Amino acid sequence: MTFQPRHYLMCRPSYFTVEYIINPWMDPEVPTDTALAVAQWEKLVEIYGQLGHKVDFIDPIPGLPDMVFAANGATVVDGRVLGAQFRNVQRADEGPAYSAWFEAAGYDVKPPKHVNEGEGDFLVTENFILAGTGFRTDPGGHAEAQEWFGRPVISLQLIDPRYYHLDTALFVLEADQVAYFPGAFSPGSQQVLARLFPEALLVSAEDAGVFGLNSVSDGHNVVVPPQATQLIADLKARGYNPITVDLSELLKGGGGPKCCTLEIRA
520 MTFQPRHYLM CRPSYFTVEY IINPWMDPEV PTDTALAVAQ WEKLVEIYGQ
570 LGHKVDFIDP IPGLPDMVFA ANGATVVDGR VLGAQFRNVQ RADEGPAYSA
620 WFEAAGYDVK PPKHVNEGEG DFLVTENFIL AGTGFRTDPG GHAEAQEWFG
670 RPVISLQLID PRYYHLDTAL FVLEADQVAY FPGAFSPGSQ QVLARLFPEA
720 LLVSAEDAGV FGLNSVSDGH NVVVPPQATQ LIADLKARGY NPITVDLSEL
770 LKGGGGPKCC TLEIRA
């Protein structure tokens with residue numbers, strides 16, 4: 520387990536609320552506390568700083584309550600950026616906002632031709648880009664990512680609407696090592712994952728159900744929701760250093776640590 524400092528882009532949840540339903544976690548009838556969401560998010564930022572990671576910030580935009588979920592805003596590999604195109608109209612303006620940030624920062628940005636929701640459905644290992652589909656990102660977006668990044672893209676079919684993005688069902692621990700919940704994937708995709716990652720950490724339905732797989736690893740430290748108790752124990756047993764952060768308020772929008780964290784890979 521080798522620590523590697525990371526570079527992240529994040530967005531303060533200044534306008535976070537739940538006012539529509541685009542995933543099973545959202546319920547506008549359940550009150551949200553924006554101040555609490557900000558405080559929990561600030562703790563996540565603080566943890567990244569303590570671990571030695573660099574964090575940049577994009578300004579939140581009024582009327583875009585889900586913009587805090589920065590991971591969905593783009594995918595960055597080898598300094599190249601594939602912009603996001605959202606399936607739901609409520610989030611459509613987030614894609615151009617994130618692309619504009621990267622363009623202003625001097626990155627080479629490709630506007631997407633197909634629906635893709637950034638690192639929500641694109642997760643990068645040492646040798647592959649794992650790509651989710653079934654609820655949000657189109658398979659055409661997988662092909663587009665492969666051409667743009669020049670890396671093999673492995674398509675994975677999601678079948679449980681609670682795990683509507685790949686980053687809710689799988690996260691990369693280091694290099695080509697992952698953790699995932701098998702029940703979120705089709706039988707064929709489970710076979711692909713078992714073949715590619717025979718030593719993967721398999722996570723229970725209980726821990727997946729508290730967004731335990733929406734975690735962030737730097738190769739040694741793993742930022743994980745505190746409710747994923749067995750996952751935390753399993754990470755310790757494998758030599759990782761789990762660090763808990765409670766983002767329960769943001770979970771009301773269907774997000775956790777990874778959803779809030781877009782990695783900028785130079």
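Here the numbering used here is used: the first residue of the sequence shown is 520, the next is one more, and so on. We put the beta carbon where it would ideally sit given N, CA and C, even for glycine. Computed from a predicted model, the values in this text were never measured in an experiment.
field: Beta carbon of residue 546 nearer than 9 Å to that of residue 557
entry: By the CB criterion at 9 Å, residue 546 and residue 557 fall outside the cutoff.
- request: Output the distance between the C-alpha atoms of residue 607 and residue 637, rounded to the nearest integer angstrom.
  value: One C-alpha to the other measures close to 14 Å.
task: Please report the Cβ distance between residue 766 and residue 744, rounded to the nearest whole angstrom; I am assuming they are in contact, meaning their Cβ atoms lie under 8 Å.
output: Right, their Cβ atoms sit about 7 Å apart.
message: Taking DSSP's pairing of strands, which residues face residue 575 in a bridge?
response: DSSP, once it has assigned bridges, lists 528 as partnering residue 575.
- request: Determine the direct distance from the alpha carbon of residue 686 to that of residue 674, and round the result to whole angstroms.
  value: Using only the alpha carbons, I get a separation of about 14 Å.
- request: Compute the Euclidean distance between the alpha carbons of residue 774 and residue 562, then round it to the nearest angstrom.
  value: Going from the Cα of residue 774 to the Cα of residue 562 covers about 15 Å.
- prompt: In this structure, what does DSSP give as the bridge partners for residue 699?
  reply: Looking at the DSSP assignment, residue 699 forms a beta bridge with 689 and 721.
field: Validate contact between the region 689 to 703 and the region 661 to 672 using beta carbons, cut 8 Å, 3 pairs
entry: No, because fewer than three Cβ pairs between the region 689 to 703 and the region 661 to 672 fall closer than 8 Å, the two stretches do not touch.
query: Comparing alpha-carbon positions, which option in 726, 696, 760 and 639 lies nearest residue 712?
result: Of the listed residues, the one whose Cα sits closest to residue 712 is 696.
field: Inter-residue spacing [alpha-carbon to alpha-carbon] between residue 759 and residue 644
entry: Roughly 17 Å separates the two Cα atoms.
task: Please list, in chain order, all residues of the same chain as residue 727 whose beta carbon is under 6 Å from its beta carbon, the five residues on each side excluded.
output: Taking C-beta separations shorter than 6 Å and ignoring five residues to either side along the sequence, the partners of residue 727 in its chain run 700, following chain order.
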